[in-house]
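A.B. asks: Can you keep this structure in mind? I'll have questions shortly.
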Amino acid sequence: MTKQDYYSTFLRPKSFHTNHRLYISPENHRKLLNIISAVSHTRATLSSYVDAIIAEHLRTHASLLAEIHADATAELFGDKSN
Numbered sequence: 032m033t034k035q036d037y038y039s040t041f042l043r044p045k046s047f048h049t050n051h052r053l054y055i056s057p058e059n060h061r062k063l064l065n066i067i068s069a070v071s072h073t074r075a076t077l078s079s080y081v082d083a084i085i086a087e088h089l090r091t092h093a094s095l096l097a098e099i100h101a102d103a104t105a106e107l108f109g110d111k112s113n
């Protein structure tokens with residue numbers, strides 16, 4: 032990923048129409064806030080940055096997450112074959 036790709040993927044403004052609380056460690060909050068402060072010209076917010084990080088993680092690991100979900104669902108209903 033290039034620097035420009037990173038900017039266009041993670042450091043772009045985004046508006047939210049609902050509120051959901053999310054807790055992160057103070058250390059990660061400080062690090063993320065420092066990054067956002069350093070690139071204030073992008074108009075990205077801490078919320079838009081975290082949302083983009085999560086979206087990329089879910090996209091990158093979609094297959095593995097689907098397997099984990101299937102395993103957990105199978106266990107919930109007593110199917111031990113997974």
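52 is the number that my numbering gives to position 21 of the sequence shown; each next residue is one higher, with no gaps. All residues carry an ideal CB built from backbone N, CA and C; glycine is no exception. Being a predicted model, the structure only gives us computed values, none of them experimental.
1) Return the first residue and the last residue of the alpha helix (DSSP H) that PRO57 is part of.
2) Is SER39 helix, strand or coil by DSSP?
3) Starting from SER46, follow the alpha helix (DSSP H) in both directions and report where the run begins and ends.
4) Going by beta carbon distance, what residues of the same chain come within less than 8 Å of LEU64, once the five residues before and after it are set aside?
5) With a threshold of 16 other CB atoms inside 10 Å of the CB of SER79, please say whether the residue is buried or exposed.
C.D. replies: Walking through what the data contain:
1) 57-69
2) helix
3) Counting along the chain, SER46 falls outside any alpha helix (DSSP H), and DSSP gives it neither H nor E.
4) LEU77
5) buried
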